[in-house]
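Residue numbers (my numbering): 547 to 854.
Below you can see the structure in the form of structure tokens.
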């Protein structure tokens, strides 16, 4: 069976594929045009997010039986059209949940204890203790929107700090557990001290975090997005910070993460965003741990074995 791999993966994936009755091409540097030229021979496609699998790509993949997305989000893949062509599409839910949960908690605590600012000040020979007096999470409320794998992991990991956790998930029922209380959005807006998003990008969630959203919270909040960049309207986030609706924010994802291909408008937006002292950023590494990489390889190989 012919396997085409179009995104960078750890060498352990290739080592595991060597043990299976498949032939594979590891081509993480191909352009979209080059990928389309290679797709007609592929029976299994292993990818991440380098290209959109739209109708053009799906039609080019005439022999394709299985598409494997080595992560969670499938918003760049036309799942319905693939299904109509008899192509099975699999992702890898849960493989990076612990990593995302840990980074969510780490970024929240870093914000509440001013660690980014304090680190910079000390390195500049500024020893300012009172300015950096922190806020504990004990007896505070963390609101989580989206209670799938990463939402649950975040709730589980924050539980040791004595925080109350409330969660809202429109698509689940009876999802409350020992770590989080299932509530409606009204209670999320009313009770939340810090908010963490763990939802996929869909038409419904695009710019969910907008001006109306931030204005709905009763208290000023800490805001975390380790989900997908376009879920947050960045202009509205900056306005919410200016109006003290948001105290501070942690952002792991941006609408356009290819800094080499930013438009002038995007570059201007990011320059204004990056100037905020109370917003901290990371380059989409919430789920990017050594352990999650191993989990991903194991899950991908499992999907390949199912087809074989």
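All C-beta atoms, glycine included, are put in the ideal place defined by N, C-alpha and C. Source: prediction; values computed, not measured.
Annotation: residue 802 to residue 749 spans about 17 Å, alpha carbon to alpha carbon. Between residue 651 and residue 592 a beta carbon distance of about 31 Å is seen, past the 8 Å cut, so the two are scored as non-contacting. Note on residue 555: 16 or more other CB atoms within 10 angstroms of its CB, so buried under the neighbour-count rule. Taken atom to atom, the span from the alpha-carbon of residue 590 to that of residue 743 is near 32 Å. Under the three-state reduction of DSSP, residue 764 is assigned to coil, being neither helix nor strand.
In the DSSP secondary-structure assignment, residue 811 is not bridged to any residue. Following the DSSP letters along the chain, one finds residue 578 inside the alpha helix (DSSP H) bounded by residues 578-584.
Contact annotation, residue 690 with residue 656: C-beta distance approximately 18 Å; criterion of less than 8 Å not satisfied. Under the 8 Å Cβ criterion, the stretch 816-830 counts as touching the stretch 788-807, having at least three qualifying pairs. Counting other Cβ atoms within 10 Å of its Cβ, residue 653 reaches 16 or more and is therefore classed as buried. Residue pairing from DSSP leaves residue 667 without any beta-bridge partner.
Secondary structure within the stretch 625-649: the beta strand (DSSP E) runs of 3 or more consecutive residues, fully enclosed, are 634-636 (chain order).
Taking a 10 Å sphere around the C-beta of residue 807, we find fewer than 16 other C-beta atoms and assign the residue as exposed. Secondary structure at residue 689: strand, using DSSP grouped into helix, strand and coil. Taking 8 Å as the cut-off, the beta carbon of residue 608 is found no closer than this to the beta carbon of residue 594. The secondary-structure analysis by DSSP pairs residue 728 across a beta bridge with 713. The residues 847, 850, 851 and 854, in chain order, have a CB closer than 8 Å to that of residue 566 in the same chain once the five nearest residues on each side in sequence are set aside.
Nearest to residue 769 by C-alpha distance, out of 700, 793, 780 and 675, is 793. In this structure, DSSP gives residue 551 an extended state, which the three-state scheme calls strand. The stretch 776-786 makes contact with the stretch 745-760, as at least three CB pairs between them are under 8 Å. Scanning 790, 745 and 666 for the CA closest to the CA of residue 762 turns up 790. Counting C-beta pairs closer than 8 Å gives three or more between the stretch 707-718 and the stretch 673-689, which meets the contact rule.
A Cβ-Cβ contact shorter than 8 Å links residue 573 with residue 551. Between residue 823 and residue 718, the alpha-carbon positions lie close to 37 Å from each other. Close CB contacts of residue 728 within its chain, under the 7 Å cut and outside five residues either way in sequence, are with 713, 721 and 722 (chain order). Counting the other Cβ atoms within 10 Å of the Cβ of residue 579 gives fewer than 16, which makes it exposed. Beta-bridge partners of residue 593 (DSSP): 615.
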